[in-house]
Structures are given as C-alpha cells and as structure tokens.
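Chains as they are written, first to last, in our numbering: chain A, 4 to 236; chain B, 135 to 766.
Note that the Cβ used here is the ideal one computed from N, Cα and C, for glycine as well.
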C-alpha cells in the first residue's frame with residue numbers, strides 16, 4: 004500500500020513538471036559591432052545594448068547586457084519581435100538617431116536563430132595595427148583614421164598600448180599590467196604612430212603576453228581598441 | 135440562606151450590568167495598545183517621540199556609524215580582514231550611493247498632515263513640530279537629489295483607492311533644479327518657526343535650516359556652472375543637469391544664507407577655538423560636547439541609552455586598544471601630503487634631499503613639522519599619541535648594507551646583526567602589509583576618535599556626535615559662493631578665518647583665490663565628513679580625479695594641491711629606523727613611499743556614476759520615470 008502511494012505521488016510530481024514549465028528560449032541572436040565590415044573592439048563589459056519587447060505591461064528592457072571586448076554579442080530569445088538599442092552616450096561610436104536626437108532602435112524579428120551585425124560609425128579607427136615583441140619590449144605601429152569629421156568630430160585624448168597576462172586587455176586597471184600613453188596633442192603624424200612598452204615581470208612567469216592598442220576620444224567615455232594579439236616572448 | 139441568596143442576586147446584577155451591552159457597543163472596544171491619530175497628536179511629548187523616529191531615519195553618505203563609508207575614494211586604505219574591497223575594485227557600481235526611501239517620505243507627509251489637523255496641541259508647539267518635519271523632508275529630498283538627481287516630489291500622503299488602476303499615483307521625476315528650489319524654498323519658509331538657539335543641535339534649528347539652504351544653493355549653483363564640463367551627464371527633461379544661466383542666482387542665495395548665519399541672527403555660532411594646541415583644538419571639534427559653538431546640526435549619541443556608535447572601536451590604534459580590534463581607516467599619503475605648509479605652499483613631505491639621499495629625523499613627527507595643524511588634527515601621525523599612548527607605527531630597521539629587517543607579526547622581536555639580544559623590529563601598530571588593524575598606509579585616523587575611557591570597548595562604545603552641518607563649512611560655502619560671484623576679496627576673508635584656526639596665519643589675498651584653492655580647502659577641512667564625493671560630483675571633477683589610471687610615484691608627488699591631482703590609489707609612507715652603529719644617523723628615522731601590493735584596483739568614476747541607478751523595479755512600476763544617463 005505504502006509503495007503504491009509513493010509511486011502515485013511520484014508520478015503526480017512528474018506530471019506537474021511537464022505542465023508547469025515552459026521551454027527555455029532557444030533562438031540565438033548574435034553578431035558584432037562593425038564599421039564597413041570591420042569589427043569594432045571595445046572594453047569588456049562597458050558598452051551595453053538593450054533589447055525591448057512589447058505587450059507585457061512592463062517598461063524596461065528584457066535584456067540588458069554588454070558587448071564582449073571583440074565587440075560581439077549573443078543572447079538567447081523566444082521567437083517574437085524585439086527592438087534593439089545602444090543607449091545614448093555609450094560606445095566609442097555614433098549610433099543612428101531619430102530626428103529628435105534620441106537613439107533609434109532596430110527591429111529584430113526572431114524566428115529561429117539569426118546573425119545580426121550592428122553597423123556603427125566610430126569616431127576613429129585604428130588601422131593596420133602591428134604589434135610585435137622584440138627583446139624585453141613590445142612595439143606597436145598603427146594608423147589613426149578620423150572617421151567622423153563633421154560637427155560631431157572629436158579630438159584624440161590619448162592612445163595607449165596595454166599589456167596583460169590574460170586575454171582580457173583594456174584601460175581598466177584590472178585588465179592591464181602596464182601601459183604606455185601618448186597624448187593626442189603629442190601625435191605628430193596620425194598615419195604613423197609608434198608606441199613601445201617594457202614587458203614587466205610576470206608572476207607566475209609565463210612566456211607569452213597579450214597586447215592591444217586603445218584610443219580614448221576626448222569627451223567619450225568608452226575607448227576603441229585594436230584586436231587583442233598574443234605575443235610569445 | 136439569606137446570605138447565599140443575596141450573593142446570587144448581587145452576582146446576577148453584576149453579570150447583567152456587564153453583559154447586557156448593545157451589540158454595536160460590545161464590538162466597539164478601543165484597543166489599548168494603539169493610539170489613534172488624535173491621541174498621538176494630543177501631547178507634545180508624544181509628538182516628539184514620533185518625530186524622534188523620523189529624526190533617526192535620516193541618511194548620510196558617510197557616517198561614523200559605518201567606518202567603511204569613510205574609507206574610500208583614495209583618501210584612505212581600509213585595513214581590514216580579507217580582501218580590502220575598495221582598493222581592489224576599479225569601478226563603482228552604478229547603483230552605489232542610491233537611496234529611494236519613499237516609505238520615509240510618506241511617514242513625513244503623514245506626520246505633517248496629522249500634526250496640522252491636531253486639535254490639542256498649542257500653536258507654538260505645532261509650528262515648531264511642523265517646521266521640524268518639513269526640515270527633515272527637505273533634507274531627505276536634498277539627500278536624494280545629490281545622489282539621484284530629480285525624483286518625484288511627493289508632498290502629500292498618497293492613498294490607493296483599490297479600484298485596480300494605480301496610474302494616478304505615478305508621478306514623474308521633478309527637474310534637478312526644481313528639487314534644489316524646493317529645498318531652498320522650504321528652508322526659507324520654516325527658518326523663522328525654528329528656534330535660533332546655538333545649543334539646539336540634534337533637533338532642527340534656524341541655524342540648521344540656513345546651513346542646509348546655503349549648502350543646497352551652492353550645490354545647485356556649481357552643478358549649473360560646471361555642468362558644461364560633462365555635457366553627457368544630463369537629460370533632455372532636466373531631471374539631471376541644471377541650466378548654466380541659473381548659476382549666479384543660486385550662488386547669490388548661497389552667499390546670502392551663509393552670511394545670515396555668520397551674522398549671528400540664528401544664534402552665536404563660531405569657530406571652535408578653545409584649546410591652545412591647534413591640532414588638539416581641531417580634533418576637539420568632533421568630540422567636545424560641552425557648548426561647542428561650531429556644530430550646527432548633529433546626529434547625537436548617548437552612552438547607556440542604546441544609541442551609541444563604534445567608530446572608535448573600529449579605528450582606535452591597535453596597540454593598547456581597549457578591544458582586540460581597531461585601526462581600520464588608514465588615511466592615505468595622498469591626503470596627508472596635501473596639507474599645506476605654513477607659508478601657504480604645497481610640497482611633498484621632505485623624505486629625501488635633492489640627490490635622492492634619505493633625510494634622517496631624530497623624532498618621527500619631525501617630518502610633518504611646519505604643516506597645516508589640521509593634518510595632525512585629522513590624522514594620527516607616527517610618533518603622536520592617542521589617549522596618552524604613543525602610536526607605535528614603524529616598519530622596521532634599515533641596515534647599513536641597505537637591507538631591511540622587519541617582522542610579519544605586530545611588534546615582532548628579531549636579532550639584529552652584530553648584536554646578541556633580540557629587539558623589537560616592527561611597530562605594535564604595524565605597518566605590515568595585509569595584516570588587518572595595522573596602519574598599512576603608515577597612518578591612523580584621528581578625526582572623530584573619542585578620547586574618553588571606554589570609547590574603544592564594545593560594552594561602552596562612544597557618544598561622540600556625527601556633525602552634519604558645522605560652522606567652518608558654512609564659512610567655506612560663503613567663500614566659494616563669493617568667489618563664483620566675483621567677490622574674491624570677500625572669499626579670501628572667509629577662507630582666512632578657517633585657515634587661521636588651523637595655524638595658517640599668512641592671509642590669502644583676493645588674487646590667491648582660485649577654485650583649486652577652494653577645492654583644496656574643503657578637502658583639508660572636511661575630509662572624512664562625507665563631502666568628498668558630493669563636492670567632486672558637483673564640480674563635475676569626479677571623472678577626472680578618479681579616472682581609473684593607476685598612480686605612479688611621480689603622479690603622486692606631482693600637482694599636489696592643484697585641480698589636476700588624481701586620487702585613484704591610496705599610497706603609503708612607512709618609517710624605518712637606521713641601524714648602522716658608528717654612523718651619525720644611527721637610530722634616527724627615515725621614510726619611504728610605497729604602494730601596498732594589495733592595492734590592485736584604481737578608482738574609476740564613470741559618467742554613469744554621477745547619478746545613481748534607478749533600478750528596473752522602480753522603472754517598471756512607474757513608466758513616467760526616465761532612466762539615468764550613461765548607464766545600463
């Protein structure tokens with residue numbers, strides 16, 4: 004008798020599970036930030052994007068996360084219609100705006116997974132970055148191209164080369180061991196910028212290091228970066 | 135028999151008289167444990183006790199009730215067990231410093247409504263109680279606008295009608311300017327209803343209203359003026375940001391209110407100058423409770439009443455402490471060396487000569503001689519005393535060959551080369567990296583430490599008050615407002631009053647007054663009193679002084695006392711004793727600058743930190759509330 008009751012209650016429990024739960028979202032929306040096909044690299048966890056959904060009586064984004072340092076994003080969603088936005092003032096780039104000046108949204112219709120690259124206009128691009136290790140130094144040469152030259156144009160505050168022992172490299176002091184800075188005013192020829200930094204002692208020792216170049220635009224909080232490179236010392 | 139009969143009749147009569155109530159009356163019994171509004175507002179003592187609860191719920195950004203709130207922003211190293219969070223993280227969260235206590239606002243509004251309707255209170259009592267509640271409400275809205283920008287300005291108790299549609303209860307955010315206008319207007323309106331009494335410190339007084347007014351107007355003026363430095367920190371509806379055109383009007387109000395208070399109409403407030411030793415005098419402002427003319431509005435504490443605080447327990451020098459703890463807030467070298475020399479100049483502490491050779495000192499405190507007295511009043515320097523005991527802060531022996539002998543336990547004994555007996559090789563107060571309660575920056579805090587016996591023991595604790603508004607700040611508010619209005623001579627006059635008390639007797643003249651000077655003066659006078667965050671926010675300077683870049687020693691020593699000083703990482707200054715028998719400097723002290731290996735983060739104040747996050751629950755419940763800029 005007891006066993007029967009136990010089996011009965013257990014099977015009731017199983018039934019309840021099936022009836023009460025929804026399937027998790029399976030449609031993946033992913034992509035990256037691009038300018039004319041070239042990826043835009045930013046700082047890890049600092050440039051956010053929001054997804055909004057209609058019709059549930061709540062305001063506020065349903066997804067509120069940020070881009071990776073390579074400028075990629077991915078999010079699992081239910082099928083349906085969403086609006087994607089990069090909030091005002093975020094990112095080292097201009098996002099398209101409504102005539103009123105507010106950031107405009109992209110309508111995303113999810114019906115299965117899809118790839119969606121986000122076209123933005125950066126203030127500057129770091130072109131042809133060459134980062135090499137030579138002896139105890141890491142040397143970088145690159146070009147700076149001013150992309151926005153109209154009334155929205157901004158000056159370069161500084162460019163840095165950052166080194167870190169992990170693949171996360173940025174201006175955040177947790178993500179770089181050492182850096183060398185060149186102020187915007189000290190850049191003579193934007194088509195030929197060279198920076199050099201001495202590799203610090205890494206504890207525990209490792210024979211490789213990660214590097215990338217970051218550019219800070221005056222009056223814009225987020226920096227734009229070159230892709231991370233791994234250098235063998 | 136007759137007896138029994140009479141008893142029966144009597145009991146029946148009693149029962150009858152008790153039981154035969156009408157049904158409506160029977161069920162309508164007043165509770166004995168709850169007062170009705172009329173009862174609660176019938177007696178002044180009763181009303182005061184309700185008000186006391188409202189007083190007790192005020193919030194402060196930094197308070198002596200929690201030492202951690204003081205030990206951030208690069209001003210101090212937190213010498214505590216485990217990982218010292220503030221020096222290892224880089225970013226402050228967007229939600230940090232937020233406050234959204236509309237329960238408190240509602241209780242204040244209810245108090246005001248019920249007190250207004252009270253019949254049994256005398257007019258005088260009523261007027262004062264109402265003014266006090268309005269002061270608390272304005273003060274909390276002031277606290278909110280500093281942290282959140284404009285918020286819904288709710289001035290009456292809201293009541294839900296249970297009809298299923300709460301939209302009429304949803305209010306949009308007021309503009310930031312409207313918030314400050316409200317605080318200023320309330321202070322003006324209530325000031326004459328409050329007593330002009332210098333000894334009325336823990337309840338609102340006319341002085342408190344004026345001090346709140348001048349601070350609020352000054353904040354609004356500087357946000358209007360310096361908002362231009364951070365154009366992205368604004369919202370199109372004005373919920374964040376104040377139009378630049380309003381700056382002068384606010385500064386004018388700030389100066390007028392400060393001058394009204396300084397003029398003495400609100401009571402005989404004055405700078406505290408009771409002790410001949412200027413550093414001791416400065417420290418006394420914060421613990422002297424006997425007719426202290428400096429403090430205007432305080433949160434008071436009282437021994438054996440249950441309302442005591444543990445600031446001294448948390449921060450007392452560890453050596454000889456009354457409890458097995460203390461020493462948590464270690465002021466940084468960044469702060470220590472920013473105090474001026476007596477000729478009004480700024481300079482690093484002279485630890486080395488031009489050739490880079492160390493300068494030796496016979497006594498530890500000699501290094502700090504000839505500086506602003508507020509330094510020794512704010513910071514326990516190595517070799518100075520607290521409660522009659524000299525703090526034992528020194529990092530070890532420097533030997534003739536340049537090596538260092540130190541210990542990893544407080545006051546450890548080791549044998550020096552060439553000797554036979556073990557001697558103490560490190561101070562009982564440290565500094566030892568990573569060891570909690572030792573002076574890891576080389577300094578302990580003195581401000582707000584209570585010299586009374588028992589203040590450092592958990593069973594007694596401290597009754598030193600927390601000062602929310604004090605006279606020196608009013609003088610500095612007046613100086614800043616006057617400076618911004620172009621009256622630099624007037625500004626210099628107010629600055630000199632504050633500086634003279636600190637031993638800086640060479641007066642500043644009109645031409646010396648710059649915004650950087652005023653910024654420095656506020657830091658020197660008001661550090662560890664909860665001003666550093668709000669001041670740097672309103673000057674729109676927070677994102678430049680806390681820019682997230684690590685500080686090198688060269689950064690630390692450059693630009694002292696100027697607006698370009700960054701403050702992202704707390705540095706330390708450790709003293710060593712030279713052990714070199716035969717050398718003239720044998721047994722003397724030298725100092726070294728260092729950064730603790732525990733300091734791995736660098737403060738980064740992002741644009742989104744200027745106004746604290748309004749969380750998604752609030753946004754979802756009230757669609758009229760606009761989001762803060764630069765966050766997500």
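Annotation: Cβ neighbours of residue 62 of chain A in chain B (cutoff 7 Å, chain order): 753, 754 and 757.
The C-alpha of residue 513 of chain B is placed about 10 Å away from the C-alpha of residue 413 of chain B. Per the coordinates, the alpha-carbon of residue 204 of chain A lies some 16 Å from the alpha-carbon of residue 178 of chain A. The DSSP-derived three-state label of residue 288 of chain B is coil. With respect to chain A, the C-beta atom of residue 268 of chain B has no partner C-beta closer than 8 Å.
Contacts with chain B (Cβ-Cβ distance below 7 Å) from the segment 49 to 75 of chain A involve 51, 53, 61, 62, 63 and 67, listed in chain order. Of all residues in the segment 151 to 175 of chain A, only 174 and 175 come within less than 9 Å of chain B when Cβ atoms are compared, listed by chain position. At least 8 Å separates the CB of residue 687 of chain B from every CB of chain A. As the crow flies, the alpha-carbon of residue 493 of chain B is around 8 Å from that of residue 725 of chain B. Closest in C-alpha terms to residue 699 of chain B, from the list B/538, B/685, B/711 and B/707, comes B/685.
For residue 220 of chain B, the uninterrupted alpha helix (DSSP H) segment begins and ends at 219 to 222. Not one beta carbon of chain A lies nearer than 8 Å to the beta carbon of residue 586 of chain B.
For residue 602 of chain B, the enclosing beta strand (DSSP E) begins and ends at 600 to 604. The three-state secondary structure of residue 77 of chain A, taken from DSSP, is strand. Close CB contacts of residue 701 of chain B within its chain, under the 6 Å cut and outside five residues either way in sequence, are with 208, 468 and 679 (chain order). When DSSP reads this structure, residue 31 of chain A sits in a beta bridge with A/79. In this chain, residue 557 of chain B is not harboured by any alpha helix (DSSP H); it is covered by the beta strand (DSSP E) spanning 556 to 558. Comparing alpha-carbon positions, the option among B/320, B/756 and B/738 lying closest to residue 264 of chain B turns out to be B/320. Identification of residues in the segment 183 to 207 of chain A having a C-beta nearer than 8 Å to some C-beta of chain B yields an empty set. The three-state secondary structure of residue 226 of chain A, taken from DSSP, is coil. Per the C-alpha coordinates, the member of B/517, B/728 and B/449 positioned closest to residue 204 of chain B is B/449. In terms of Cβ geometry, residue 572 of chain B and residue 452 of chain B form a close pair [threshold 8 Å]. Within chain B, no residue has its CB atom less than 7 Å from the CB of residue 148 of chain A, the nearest being about 24 Å off. Each of A/40, A/59 and A/93 was checked against the Cα of residue 48 of chain A, and the nearest Cα belongs to A/93.
If you draw a straight line from the Cα of residue 101 of chain A to the Cα of residue 634 of chain B, it is about 57 Å long. Nearest C-alpha to residue 234 of chain B among B/722, B/537, B/753 and B/181: B/753. Around the Cβ of residue 130 of chain A, a 10 Å sphere holds fewer than 16 other Cβ atoms; the residue is exposed.
Following the DSSP letters along the chain, one finds residue 132 of chain A inside the beta strand (DSSP E) bounded by residues 127 to 137. Taking residue 284 of chain B as reference, the option from B/334, B/232, B/674 and B/457 with the minimal CA-CA separation is B/232. Contact check between the segment 40 to 56 of chain A and the segment 74 to 81 of chain A: three or more CB pairs, one atom from each, fall below 8 Å, which counts as touching.
With a threshold of 8 Å between beta carbons, residue 90 of chain A makes contact with chain B.
Per DSSP, reduced to three states, the secondary structure at residue 645 of chain B is helical.
Assigned with DSSP and collapsed to three states, residue 545 of chain B falls in coil, not helix or strand. By the Cβ rule, the segment 300 to 312 of chain B does not count as touching the segment 222 to 231 of chain B, because fewer than three pairs are nearer than 8 Å. Taking 7 Å as the cut-off between beta carbons, the residues of the segment 353 to 373 of chain B near chain A are 366, in sequence order.
Look at residue 764 of chain B: its C-beta is under 8 Å from a C-beta on chain A.
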